[in-house]
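Enquirer: Take 76 as the starting number for the sequence shown in the numbering used here and just add one per residue. Let me give you the structure first, and then I'll get to my questions.
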Amino acid sequence: MRHRTIALCTGVLLGGPGALLAQSPPTLRDVLDIALRRNPDIVVARVHVDSAHGEQRIARAMPNPVVTSAPNQPWQYTVSLPLDVTPQRLFRTRAAARGTDAARADAADVVRQVTFSVRQAFSDVLLAEQARDLAEERREIFRQLLAADSVRLRSGDLPQREVTKAELELARVDAELLRAVAQVHASRLVLQLQMGIAAPDTAFRVAGDLAYQPVIFPEDSLAVLAARRRPDLRAARERTAQSEAIEHLAATLWIPTPEVTYSYQHGGQFARGDLFTNGSAYALGFGFTLPLFYLNGGEREKGRAGLAAAQLTTTRTEAQVATDIATAVDAYHSARALAERYEGGLLERARAVLETARYAYGTGAISLLELLDAIATWSDTRSAYYSALHDYWISVYALERAVGMDFTP
């Protein structure tokens with residue numbers, strides 16, 4: 076699978092989707108692997124992680140010394156170095172680290188959302204292709220029906236109005252087929268957009284089918300799993316921790332950062348008796364910013380407000396997680412019940428009714444209207460069946476998105 080994915084990614088990079096047409100159509104796993112590398116939202120999220128890591132390096136950096144020179148007689152050189160050893164450094168680096176962790180969680184959340192979008196778009200392609208195949212099958216049925224009715228018309232066994240009605244039905248099915256083909260093209264373009272393909276192609280094909288497969292969830296543990304696995308909830312908690320560090324940083328801004336100064340006088344000595352000199356060519360100084368006119372009250376107020384907002388965001392995200400799980404579980408149960416009902420033989424019975432009606436019409440036992448009704452019932456049943464399978468898998472993917480982990484192989 077790894078070699079297949081590498082080959083597909085190389086085809087996308089070098090030749091776009093057209094290069095993939097010469098290879099075997101990609102599966103859902105292949106499409107996901109390409110999307111996780113090339114999707115623009117994921118790429119931007121990773122850039123934000125790099126930016127946050129850069130901010131963390133800035134916060135950890137020690138201040139550079141300041142070198143000054145006085146071009147007088149004698150020459151003087153001074154080096155000043157802030158001593159970044161106060162509690163401000165502790166809380167500053169802690170806030171930056173929490174910001175990096177939050178950015179990583181944001182990137183993981185983008186991956187979660189994109190994964191669902193790709194799976195949904197892939198399922199939409201499969202459903203659109205099934206609808207197109209169904210329209211083609213209906214068209215073939217009406218084509219055969221029109222050919223048989225034309226023979227019966229020439230032999231005098233069928234009135235002209237029945238043939239005309241069959242011609243109208245064939246024209247209607249032709250229009251449905253054109254719309255189905257357009258929907259296939261549109262769904263393929265949407266999927267390639269999620270994959271990050273710059274030049275999408277309507278001829279892009281995928282490998283897969285809509286088939287029912289039961290998926291088991293630990294329903295009693297979904298809330299606990301989501302609390303540990305949802306990246307958006309993890310990001311909200313990291314930002315709350317970051318806001319706490321920022322608030323502590325604001326509370327320590329009144330503590331001045333000490334600064335040590337070292338001076339050297341070339342070509343002479345300092346006057347004996349001056350402070351820090353003892354009559355030598357060197358002098359040592361010490362200084363700090365005196366918080367006299369401003370005590371950083373604005374920073375403390377801003378820090379408290381930021382922490383309150385972060386806590387509210389975390390609470391809201393926790394409520395959103397619970398809502399997502401409840402909604403996804405209900406949708407899954409509903410979609411699974413409908414899919415299992417169709418899997419119970421309903422499709423086969425509708426097919427048997429259609430074949431019986433076609434045979435009866437050929438022998439003249441039923442009218443054209445009754446045959447059209449049987450064809451419509453068969454077509455609607457199959458369309459509803461594939462829609463039920465599509466909705467079932469979308470509900471499975473939505474439940475995985477709500478929990479933040481995969482349950483499907």
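Where is the CB? At the ideal position from N, CA and C, for every residue including glycine.
Nearest to Leu367 by CA position, among Leu328, Gln386 and Thr336, is which residue?
Expert: Answer by Cα proximity: Leu328.
Enquirer: Sort Ala397, Thr332 and Ile321 by Cα distance to Arg375 and report the nearest one.
Expert: Ile321
Enquirer: If we ignore side chains and look at the alpha-carbon of each, how far apart do Ala198 and Ile109 end up?
Expert: Position check: residue 198 holds Ser in this sequence, whereas Ala was assumed. In a straight line, the C-alpha of Ser198 is about 16 Å away from that of Ile109.
Enquirer: According to DSSP, Leu359 sits in a beta bridge with which residue or residues?
Expert: Tyr337
Enquirer: As an exercise, report each continuous alpha helix (DSSP H) stretch of at least 4 residues that is fully enclosed by the region 370 to 458, in chain order.
Expert: Restricted to the region 370 to 458, the alpha helix (DSSP H) segments that are unbroken, complete and at least 4 residues in length are 372 to 416 and 422 to 437, listed in chain order.
Enquirer: At 3 residues or longer, what runs of the beta strand (DSSP E) sit wholly inside the region 117 to 202?
Expert: 141 to 145 and 150 to 157
Enquirer: Among the candidates Trp150, Glu130 and Leu447, whose CA atom is the shortest distance from the CA of His341?
Expert: Per the Cα distances, Trp150.
Enquirer: Do Val265 and Phe217 have their CB atoms nearer than 8 Å?
Expert: no
Enquirer: What is the DSSP secondary structure of Trp468, counted as helix, strand or coil?
Expert: helix
Enquirer: Contact check, Ala177 vs Gln317 under 8 Å by CB: the rounded distance?
Expert: 6 Å
Enquirer: Taking contact to mean 3 or more Cβ pairs, one atom from each stretch, closer than 8 Å, check whether the region 423 to 433 and the region 453 to 460 are in contact.
Expert: By the Cβ criterion, the region 423 to 433 is in contact with the region 453 to 460, since at least three pairs of Cβ atoms, one from each stretch, lie closer than 8 Å.
Enquirer: Use the C-beta contact count for Ser99: other C-beta atoms within 10 angstroms, 16 or more gives buried, fewer gives exposed.
Expert: Exposed, since its Cβ has fewer than 16 Cβ neighbours within 10 Å.
Enquirer: Could you check the C-alpha separation between Tyr434 and Arg227 for me, to the nearest Å?
Expert: 15 Å
Enquirer: On the criterion of 16 or more Cβ atoms from any shown chain inside 10 Å, does Asn139 qualify as buried, or is it exposed?
Expert: exposed
Enquirer: According to the neighbour-count rule (16 or more other Cβ atoms, all chains shown, within 10 Å of its Cβ), is Val185 buried or exposed?
Expert: buried
Enquirer: Quick one: residues in its chain with C-beta nearer than 7 Å to the C-beta of Thr277, no 5 flanking neighbours on either side, listed in chain order?
Expert: His260, Arg263 and Leu264
Enquirer: Rounded to whole angstroms, what is the Cα-Cα separation between Leu202 and Ala310?
Expert: 35 Å
Enquirer: Give me the Cα-Cα distance between Leu297 and Asp481, rounded to the nearest whole angstrom.
Expert: Straight-line measurement puts the Cα of Asp481 at about 12 Å from the Cα of Leu297.
Enquirer: Pull up the CB-CB distance for Leu252 and Ala210, whole angstroms please, since I reckon it's below 8 Å.
Expert: 4 Å
Enquirer: Exposed or buried, what is Pro484 when buried is set at 16 or more other beta-carbons lying within 10 Å of its beta-carbon?
Expert: So Pro484 counts as exposed.
Enquirer: Is the Cβ-Cβ distance between Val281 and Val160 less than 8 Å?
Expert: Not closer than 8 Å, so no.
Enquirer: Using a threshold of 8 Å, state whether the C-beta atoms of Tyr293 and Arg187 are closer than that.
Expert: Looking at the sequence provided, one finds Pro at residue 293 rather than Tyr. Contact annotation: Pro293 and Arg187 have beta-carbon atoms that are not nearer than 8 Å.
Enquirer: Considering only the beta carbon of each residue, do Arg457 and Leu413 sit closer than 8 Å?
Expert: no
Enquirer: For the alpha helix (DSSP H) that Pro306 lies in, which residues bound it at each end?
Expert: Annotation for Pro306: the continuous alpha helix (DSSP H) segment containing it runs Pro306 to Ala326.
Enquirer: Would you identify the three-state DSSP class for Leu367, choosing helix, strand or coil?
Expert: coil
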